[in-house]
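There are 2 protein chains.
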Amino acid sequence: MDIEDMARGIAAGERRALARGITLVESGRADHRALATNLLESLRPLKRQALRIGLSGTPGVGKSTFIETFGLMLTGLGLRVAVLAVDPSSARSGGSILGDKTRMERLSRDPKAFIRPSPSQTHLGGVARRTREAIDLCEAADFDVILIETVGVGQSETVVSEMSDLFLLLLAPAGGDELQGVKRGIMEMADIILINKADGDLRPQAMRTCADYAGALRLLRKRPQDPDGFPKALTVSALEDTGLVKAWDEMQVLSDWRRETGHWAGRRAEQARFWFLSEVREGLLARLRREPVKGAMSVLADKVGRGEMTAAAAAEELLDGYLAARG
Amino acid sequence: MDIEDMARGIAAGERRALARGITLVESGRADHRALATNLLESLRPLKRQALRIGLSGTPGVGKSTFIETFGLMLTGLGLRVAVLAVDPSSARSGGSILGDKTRMERLSRDPKAFIRPSPSQTHLGGVARRTREAIDLCEAADFDVILIETVGVGQSETVVSEMSDLFLLLLAPAGGDELQGVKRGIMEMADIILINKADGDLRPQAMRTCADYAGALRLLRKRPQDPDGFPKALTVSALEDTGLVKAWDEMQVLSDWRRETGHWAGRRAEQARFWFLSEVREGLLARLRREPVKGAMSVLADKVGRGEMTAAAAAEELLDGYLAARG
Chain B
165 MDIEDMARGI AAGERRALAR GITLVESGRA DHRALATNLL ESLRPLKRQA LRIGLSGTPG
225 VGKSTFIETF GLMLTGLGLR VAVLAVDPSS ARSGGSILGD KTRMERLSRD PKAFIRPSPS
285 QTHLGGVARR TREAIDLCEA ADFDVILIET VGVGQSETVV SEMSDLFLLL LAPAGGDELQ
345 GVKRGIMEMA DIILINKADG DLRPQAMRTC ADYAGALRLL RKRPQDPDGF PKALTVSALE
405 DTGLVKAWDE MQVLSDWRRE TGHWAGRRAE QARFWFLSEV REGLLARLRR EPVKGAMSVL
465 ADKVGRGEMT AAAAAEELLD GYLAARG
Chain U
165 MDIEDMARGI AAGERRALAR GITLVESGRA DHRALATNLL ESLRPLKRQA LRIGLSGTPG
225 VGKSTFIETF GLMLTGLGLR VAVLAVDPSS ARSGGSILGD KTRMERLSRD PKAFIRPSPS
285 QTHLGGVARR TREAIDLCEA ADFDVILIET VGVGQSETVV SEMSDLFLLL LAPAGGDELQ
345 GVKRGIMEMA DIILINKADG DLRPQAMRTC ADYAGALRLL RKRPQDPDGF PKALTVSALE
405 DTGLVKAWDE MQVLSDWRRE TGHWAGRRAE QARFWFLSEV REGLLARLRR EPVKGAMSVL
465 ADKVGRGEMT AAAAAEELLD GYLAARG
């Protein structure tokens, strides 16, 4: 695999090179990891930035329809759109959201759009790294907007929020009771809450739900990264394509303000530091699985198992002997 | 602090030395950690073993009353009993189960018993290490039975199960519907299920619940570490002190069988290996917070934050330069 060719292809916006690059960052093989690191490092100097939009919503809220309609609106404006997914369930079930591109049939055929299903991975940390690096590749391929989809199950929202510039929470119209169903922590992550399905019989209910959430958002402490009026709640209908232009306007108002005030760059820098620490932790664990550490570990584990050493003393011997900090 | 004196005191079964030893293993200070490792290592050659009994039950099930009555029964048999707690809630709330010894007033005054409340810790990992090392100290102090209490909230049961020889699940009498309330994973951990409050009006309900669980246990796959008839469900009344002698008999039948068949030693060895790996992971993270790694990390994090390096490349540089495996 020639990394220089691949980097050139990605920089030129070639979809095939991008797809192959993402496959490379998804690989668990050590030699692939080294190549992936080179690829990412060689594309970094381009310093291209897309608007990264995190999108969360529980199943049934109309997420696929929203992404299809919203994505087509953006490509209609001449923007290039990439769609990625963080699917915490893929680890166990093997199933994946976005695995079925037919759910977004029109968007997937749009030459200005790029849709990539969530890979099967063994843990959320692996999915997170792959998605974060796929984002870097999509930015290098000069996409304007990157949508990062996740399902609303708690931890994956935090992961997606840590790689997004804006975070959207998509909700369905609901009675007052269900307001409690959104965890406070997820509400606090949201920059814009979109009440979908504001169409037909559900419209009045959607308006009420929107008013409820707008009220709830006002109760939250104002965040430094928000201009007046944000975070806000809006109604949309992905089915009838209403409210999406307004929602996009608000996203641009928010991101422009953050760019001007330095919050955008500040957040990106903070995220980069966060992911660096995450990489260090993952890298440490990977090193435990390599020789000679693995061999020493096995010998010490046997000693501990036979009661010839305490766990604490054996861990110290391993760490001092094989993984110690170099002065 | 003189570690040799402390070790001698603990080996002689002195409560004050034991309490001070546990305070030492609970400490977060690096110099204390080194002393704690020495203390544990110096007591290891005694090779004393207690019967470690993990005990889980949701609030309201009568756990304190059970421990008091069961503990007094054991001390009445001439056995020395230690009670420890793994409280996953103490991290957040600052509150702790067993914090209030008055809940076990008679047991806490018994010279053959030693009760230690759960410490406040920042994470379950910290609580786990401290409890595991407190167990080692109690064994060195020649206790016969160590009860490790936890509340029924999922992850803490796994932690307690990883440090116990037997695992008891304490339940209250309930209708058939509530059978579903116990997670299958926790059911599968249990060696003996005790239906408490089999007294007064609740007695018939307790008998039914016991029969329900006995039926459910038969549906689980037989485990190699169990003789015929185990895991089993029994009724007890901690309030009226009925069924506890029978329960203790069953615990002895099970532990004797496991000792004879080698499952006891096998499980202990496996647990020791597990905790060794856990120590290695904790130790790696602790090393990241020390100089010179901390300094290099900060410099690299800034570079990543400014976009001068990718997270992957910076992590690799750190790991290769400062924390690499020595060949």
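Keeping their order, the protein sequence lines are chains B and U. When we follow the working numbering, the leftmost residue of the first sequence carries the number 165, and every step to the right adds one. When we follow the working numbering, the leftmost residue of the second sequence carries the number 165, and every step to the right adds one. Where is the CB? At the ideal position from N, CA and C, for every residue including glycine.
Query	Result
Exposed or buried, VAL463/U, counting other C-beta atoms within 10 Å across all chains shown (16 or more means buried)?	exposed
Let me check understanding here. Comparing Cα to Cα, which of GLY185/U, GLU443/U, ALA305/U and PRO275/U lies closest to THR239/U?	PRO275/U
Could you check whether the Cβ of ARG212/U sits closer than 7 Å to any heavy atom belonging to the ligand FAD?	This structure does not include the ligand FAD; it has no bound ligands of any sort.
Measure from the C-beta of LEU452/B to each C-beta in chain U and report whether the shortest distance is under 8 Å.	yes
Is THR425/B close to chain U, meaning its C-beta is less than 8 Å from at least one C-beta of that chain?	no
When DSSP builds the beta bridges, which residues end up paired with GLY221/U?	VAL315/U
Under a three-way DSSP split, which group does ILE261/B fall into?	Interpretation of ILE261/B is limited by its pLDDT of 49, a score under 50 that renders its predicted location unreliable; no figure is taken from the coordinates.
Go through its chain and collect everything with a Cβ distance to ALA362/U's Cβ below 8 Å, but skip five positions before and after it.	PRO337, ALA370, MET371, CYS374, THR399, VAL400, SER401, THR406 and GLY407
Name the chain B residues whose beta carbon is nearer than 9 Å to that of ARG385/U?	Per Cβ cutoff of 9 Å: no residues; ARG385/U is ~20 Å from chain B at best.
By Cβ distance, which residues of its chain are closer than 8 Å to GLY235/U, with the 5 residues on each side in sequence left out?	VAL245, VAL247, MET268, LEU271, ASP274, ALA277 and LEU311
Verify the CB distance criterion: does LEU464/B have a CB-CB separation below 8 Å to chain U?	yes
Is the distance from the Cβ of ALA214/B to the Cβ of PHE307/B below 8 Å?	yes
Determine the burial state of LEU449/B: buried for a count of at least 16 other Cβ atoms within 10 Å of its Cβ, exposed for fewer.	exposed
Going by beta carbon distance, what residues of the same chain come within less than 6 Å of GLY263/B, once the five residues before and after it are set aside?	Interpretation of GLY263/B is limited by its pLDDT of 47, a score under 50 that renders its predicted location unreliable; no figure is taken from the coordinates.
Provide the residue span of the alpha helix (DSSP H) that contains VAL457/B, from first to last.	457-469
Report the neighbours of GLU205/B on chain U: residues whose CB is nearer than 9 Å to its CB, in chain order.	MET473, THR474, ALA476 and ALA477
Hey, how far is the Cα of LEU188/U from the Cα of THR314/B?	44 Å
Quick one: what does DSSP say ALA397/B is sitting in, helix, strand or coil?	strand
Shortest alpha-carbon distance to ARG385/U belongs to which of GLU352/U, ALA411/U and GLN416/U?	GLU352/U
If you compare alpha carbons, which of PHE394/B, LYS227/B and THR201/B is closest to ALA478/U?	THR201/B
Does the beta-carbon distance from ALA304/U to ALA475/B come in below 8 Å?	no
Considering only C-alpha positions, which residue in the set ALA397/U, TRP428/U, ASP251/U and ARG454/U is nearest to ARG294/U?	ASP251/U
What distance in whole Å lies between the Cβ atoms of LEU330/U and GLY492/U, which are believed to be in contact at a cut-off of 8 Å?	Past the edges of chain U, shown from 165 to 491, lies residue 492/U, and the structure says nothing about it.
Please state whether DSSP places LEU383/U in a helix, a strand or coil.	helix
To which residues of the same chain is ARG216/B closer than 7 Å at the C-beta, ignoring the five residues directly before and after it?	ILE299, ILE310, ILE312, MET327, SER328 and ASP329
Starting from ALA429/U and walking both ways along the alpha helix (DSSP H), at which residues does that stretch end?	427-452
Is the Cβ of ARG470/B closer than 8 Å to any Cβ of chain U?	yes
Can you list, in chain order, the residues of its chain whose CB lies under 6 Å from that of ILE350/U, leaving out five sequence neighbours each side?	GLU321
Counting contacts by CB-CB distance shorter than 8 Å, is ILE174/B in contact with chain U?	no
I'd like to know if TRP439/B contacts chain U, where contact means its C-beta is closer than 8 Å to some C-beta of that chain.	yes
What's the C-alpha gap between ASP413/U and PRO388/U?	21 Å
Can you pull the chain B neighbours of GLY349/U, defined as C-beta to C-beta under 7 Å?	Those within 7 Å of GLY349/U in chain B number zero; the least Cβ separation is about 14 Å.
Tell me the rounded alpha-carbon separation between ASP390/B and VAL291/B.	29 Å
Could you compute how far the alpha carbon of VAL324/U sits from the alpha carbon of PRO283/U?	15 Å
Could you check which residue in ASN360/B, ILE356/B and ALA171/B has the C-alpha nearest to that of THR233/B?	ASN360/B
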